[in-house]
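Notes to accompany the following structure.
There are 2 protein chains.
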Amino acid sequence: MRFKPAAASAGMNGSGMSKSNNVYKDAYNRCLRLLDETRSLPSEPELGTLLGVSRTTVRSILARMEETGLIAWNKRAKTVLREPRPDDFFPEEETDTLAEIIERSFMRRLLAGGAEAGMQINELELAREIGVGTTSVREFLIRFSRFGLIEKRRNSHWVLKGFTRAFALELTEIREMFELRSAAAFAALPQDSPVWADLERLEDEHRLLAREITTRFNAFSELDERFHRLIHRASHNRFIVDFYDVIAMIFHYHYQWNKAQERERNEVAVGEHLAYIEALKSRDLGKVDAACRKHLKSARQTLLTSIPESRSLQKP
Amino acid sequence: MRFKPAAASAGMNGSGMSKSNNVYKDAYNRCLRLLDETRSLPSEPELGTLLGVSRTTVRSILARMEETGLIAWNKRAKTVLREPRPDDFFPEEETDTLAEIIERSFMRRLLAGGAEAGMQINELELAREIGVGTTSVREFLIRFSRFGLIEKRRNSHWVLKGFTRAFALELTEIREMFELRSAAAFAALPQDSPVWADLERLEDEHRLLAREITTRFNAFSELDERFHRLIHRASHNRFIVDFYDVIAMIFHYHYQWNKAQERERNEVAVGEHLAYIEALKSRDLGKVDAACRKHLKSARQTLLTSIPESRSLQKP
DNA sequence: CTAATGTCTTTTATCGTGAAAAAACAGTTT
DNA sequence: AAACTGTTTTTTCACGATAAAAGACATTAG
Numbered sequence: 000m001r002f003k004p005a006a007a008s009a010g011m012n013g014s015g016m017s018k019s020n021n022v023y024k025d026a027y028n029r030c031l032r033l034l035d036e037t038r039s040l041p042s043e044p045e046l047g048t049l050l051g052v053s054r055t056t057v058r059s060i061l062a063r064m065e066e067t068g069l070i071a072w073n074k075r076a077k078t079v080l081r082e083p084r085p086d087d088f089f090p091e092e093e094t095d096t097l098a099e100i101i102e103r104s105f106m107r108r109l110l111a112g113g114a115e116a117g118m119q120i121n122e123l124e125l126a127r128e129i130g131v132g133t134t135s136v137r138e139f140l141i142r143f144s145r146f147g148l149i150e151k152r153r154n155s156h157w158v159l160k161g162f163t164r165a166f167a168l169e170l171t172e173i174r175e176m177f178e179l180r181s182a183a184a185f186a187a188l189p190q191d192s193p194v195w196a197d198l199e200r201l202e203d204e205h206r207l208l209a210r211e212i213t214t215r216f217n218a219f220s221e222l223d224e225r226f227h228r229l230i231h232r233a234s235h236n237r238f239i240v241d242f243y244d245v246i247a248m249i250f251h252y253h254y255q256w257n258k259a260q261e262r263e264r265n266e267v268a269v270g271e272h273l274a275y276i277e278a279l280k281s282r283d284l285g286k287v288d289a290a291c292r293k294h295l296k297s298a299r300q301t302l303l304t305s306i307p308e309s310r311s312l313q314k315p
Numbered sequence: 000m001r002f003k004p005a006a007a008s009a010g011m012n013g014s015g016m017s018k019s020n021n022v023y024k025d026a027y028n029r030c031l032r033l034l035d036e037t038r039s040l041p042s043e044p045e046l047g048t049l050l051g052v053s054r055t056t057v058r059s060i061l062a063r064m065e066e067t068g069l070i071a072w073n074k075r076a077k078t079v080l081r082e083p084r085p086d087d088f089f090p091e092e093e094t095d096t097l098a099e100i101i102e103r104s105f106m107r108r109l110l111a112g113g114a115e116a117g118m119q120i121n122e123l124e125l126a127r128e129i130g131v132g133t134t135s136v137r138e139f140l141i142r143f144s145r146f147g148l149i150e151k152r153r154n155s156h157w158v159l160k161g162f163t164r165a166f167a168l169e170l171t172e173i174r175e176m177f178e179l180r181s182a183a184a185f186a187a188l189p190q191d192s193p194v195w196a197d198l199e200r201l202e203d204e205h206r207l208l209a210r211e212i213t214t215r216f217n218a219f220s221e222l223d224e225r226f227h228r229l230i231h232r233a234s235h236n237r238f239i240v241d242f243y244d245v246i247a248m249i250f251h252y253h254y255q256w257n258k259a260q261e262r263e264r265n266e267v268a269v270g271e272h273l274a275y276i277e278a279l280k281s282r283d284l285g286k287v288d289a290a291c292r293k294h295l296k297s298a299r300q301t302l303l304t305s306i307p308e309s310r311s312l313q314k315p
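Residue numbers (numbering that gives the first Met the number 0), protein chains in the order written: chain A, 0 to 315; chain B, 0 to 315.
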């Protein structure tokens, strides 16, 4: 797993920095965008729910906005004084969770090649290279282990299982099992279920994307996830829903990594989605099954062709 | 999740005890049992693989055995001097992993009632009640989360989802999907595959247990797990194999907790297993499917009836 | 009297630290 | 020279401590 001597990659000052205030910074940035729209901000609890943070954080945000002259703040009155400038925002890098930083670093190493199956993963080394504490790395590895790419040796190191052809096949096998079942459950949902409206909206987005595919083809990956998650949710089974995290994670990195014929692939996928949606709306189980199978088959094919042979040989 | 004020349940001395040497103690105990059989112990590396620990730990064990007069140790010669007495063993409680201690504590609270869905879990409180550090509790909760019984609110507490009827149904739905597929894969395995010998051995154990069911009915749970794991392994899919951890965990606690008609239930199950094994050996996919379905149906029924209604109403 | 703000307490996230355990290295024995 | 023992270095595991963030309580405004 060795990669570079040190260079303190994403790390900041090495001193006893306990916890970054990325929650505050991220919420602050999002709050800035809110400023554009209104002349005055809502109450503290309301802002809290809007931004998904506690009132403590909201108050820190307001305090800084007052300091930098963005708002005038007196009890309930929070009047916007000026529009936010680009330099009001905190830099993007400072708004990331530690978990995100670690995941990115780890996946970069994993996909950068040289990461062969059977190789052992060293918590301490990883922590040092990324510039974080060992605890965070351990917790990340534990969470990450459910993706089936790494495995722990009791009282000892982690072992990389490798992003192999076998992995892709096992993953897609489950995916197909789960999605076929979910799609059938979806089609059987009563007409007054709110999911039909959700599906309608997604269909519109797909049609829009289909028209602008030449320029916006990279918008597909996000739409893809939303669409499949909607379908999986119809299973009403937490294990099926949760398993989509594995798929989403793999496809997320796969999209970043395999850019070959991206436009063409996505164009085909959009078309398959539209046919799939049509089938769901028809509520004809036979059609749903066929459309689902067809799409999943080509998704699997895409994933498989993107795995270089060098990565798919080993198996200890 | 509140349960008791303090009472320092499983806890030891509260002081800065960094890491318990349970690996050493457990290996020591197991090594004592080895002493009964031979007049002299093998080499250090050999002992290491035998006990599943490093040579460092082996040497600590040998050092203590020498001290307590169990063996004479001089380089390669490790002669047994006397048989181990009961007081040579470390107490059972001291050989448990921290993870096991936490899991037991946590499950006791969960099943002891009063643990209703929606309730929030407090890391700090849990750590204090069990008498361990917060880090270990956090790591446990992260690992435990894959069982689908708890869920994390970002930057905040964990939420108990509850051991409800819905949970049991979702669990068994996946189980049935996976096991039917695994069983079919099993039956399709070539005649020279080693699994057929494993199956044969398991069949013998089942027949033996069937004869002595009145006295040994509690030996079933362990046999049950071995049998189903063998079948799941035939899927050659890590997600299917890993999912059996969820099932095993639930059934493990379920067996401990629901003692109603245990003998009868296990007797029936042994019979179903034997029929299931027969079907597998016939390699007739229709028969396999039928036998598997029948057994899984009654397993589900057993699990469902053991969930009290009080636990199955809430859902926030 | 409800819903906000102001203040104080508790919990979570993360680090550095030190003992237990593993692993690597070096020197012996057969 | 292969496999073992003796020694040293690294890594894992678990803890307490501390800043960030959440949450609870008290007070005040509408």
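The beta-carbon is built from N, C-alpha and C at its ideal position, and this holds for glycine as well.
Any C-beta of chain B sitting closer than 9 Å to the C-beta of A:Lys160?
yes
Can you pull the chain A residues whose beta carbon is under 9 Å from the beta carbon of B:Phe89, in chain order?
Going along chain A, no residue has its Cβ under 9 Å from B:Phe89, so there is no contact; the nearest lies around 17 Å.
If distances are taken between C-alpha atoms only, which option among A:Gly51, A:Trp72, A:Ser53 and A:Val52 comes closest to A:Leu61?
A:Trp72
A:Ile141 touches chain B at which residues, Cβ-Cβ below 9 Å?
Glu138, Ile141 and Arg142
Which term fits A:Asn154, buried or exposed, when burial requires 16 or more other beta carbons within 10 angstroms of its beta carbon?
exposed
For the stretch 167-190 of chain A, list every residue whose C-beta sits within 9 Å of some C-beta in chain B, in sequence order.
Leu168, Glu169, Leu170, Glu172, Ile173, Met176, Phe177 and Arg180
Skipping 5 residues on each side, what residues in its chain have a beta carbon closer than 6 Å to that of A:Arg174?
Ile246
So, using beta-carbon positions, are A:His272 and A:His231 closer together than 9 Å?
no
If you reduce the DSSP assignment to three classes, tell me which class B:Lys24 lands in.
helix
A:Asp241 touches chain B at which residues, Cβ-Cβ below 9 Å?
Arg145 and Gly147
Which residues in chain A have a C-beta closer than 9 Å to the C-beta of B:Phe250? List them in chain order.
Neighbours of B:Phe250 on chain A: none; closest Cβ ~16 Å, over 9 Å.
On a CA-only basis, which of B:Asn21, B:Asn217 and B:Leu198 is nearest B:Thr94? Give me that one, please.
B:Asn21
Which chain B residues are close to A:Phe105, counting only those with a beta carbon under 8 Å from its beta carbon?
Simply none; closest approach about 16 Å.
Going by DSSP, what residue range makes up the beta strand (DSSP E) through A:Asn73?
Ile70 to Asn73
Counting contacts by CB-CB distance shorter than 9 Å, is B:Gln313 in contact with chain A?
The pLDDT assigned to B:Gln313 is 40, lower than 50, so where the model puts this residue is not dependable, and the model offers no usable value.
For B:Ala182, collect the residues of the same chain with a Cβ closer than 6 Å to its Cβ; drop the 5 residues on either side in sequence, then sort them by chain order.
Ile230, Val287 and Cys291
What are the boundary residues of the alpha helix (DSSP H) that B:Val57 is part of?
Arg54 to Glu66
Who are the Cβ neighbours of A:Arg264 in its own chain at under 8 Å, not counting the five residues just before and after it?
Thr301
Answer with buried or exposed for B:Leu148, where buried requires no fewer than 16 other C-beta atoms within 10 angstroms of its C-beta.
buried
Are B:Ala76 and B:Val52 touching if we call contact CB-CB under 9 Å?
no
Determine the DSSP secondary structure at A:Val158, reduced to helix, strand or coil.
strand
Per-residue burial, A:Met64 [other beta carbons within 10 Å of its own, 16 or more giving buried]
buried
Can you grab the Cα-Cα spacing for the pair B:Ala268 / B:Ala298, in whole Å?
8 Å
Taking the alpha-carbon of A:Leu123 as reference, which of A:Thr214, A:His156, A:Arg282 and A:Arg215 has the nearest alpha-carbon?
A:His156
In this structure, does DSSP put B:Leu302 in helix, strand or coil?
helix
How about the stretch 121-139 of chain A and the stretch 100-113 of chain A: do they share at least three Cβ pairs that are nearer than 8 Å?
yes
Do A:Thr78 and A:Ser39 come within 9 Å of each other at the CB atom, strictly closer than that value?
yes
By the 10 Å Cβ neighbour count, where 16 or more other Cβ atoms means buried, how is A:Thr171 classified, buried or exposed?
buried
Counting only the same chain and skipping the five closest in sequence on each side, list residues whose C-beta sits under 8 Å from that of A:Leu49.
Leu33 and Pro41
Since A:Thr78 is in the beta strand (DSSP E), which residue starts that stretch and which ends it?
Ala76 to Val79
Between the alpha carbons of B:Leu188 and B:Trp256, how many angstroms are there, rounded?
37 Å
Give the DSSP bridge partners of B:Gln119, in chain order.
B:Val158
Same chain, Cβ closer than 8 Å to B:Glu82, neighbours up to 5 away in sequence not counted
Leu34 and Asp35
Below 8 Å between beta carbons is the criterion; list the residues of the stretch 281-302 of chain B that meet it against any residue of chain A, in chain order.
none
Assuming A:Tyr243 contacts A:His227 (C-beta within less than 8 Å), just tell me the rounded distance between them.
7 Å
Please report the distance separating the alpha-carbon of A:Pro190 from that of A:Ser281.
Going by the sequence as given, residue 190 of chain A is Gln instead of Pro. Approximately 11 Å, taken between the alpha carbons.
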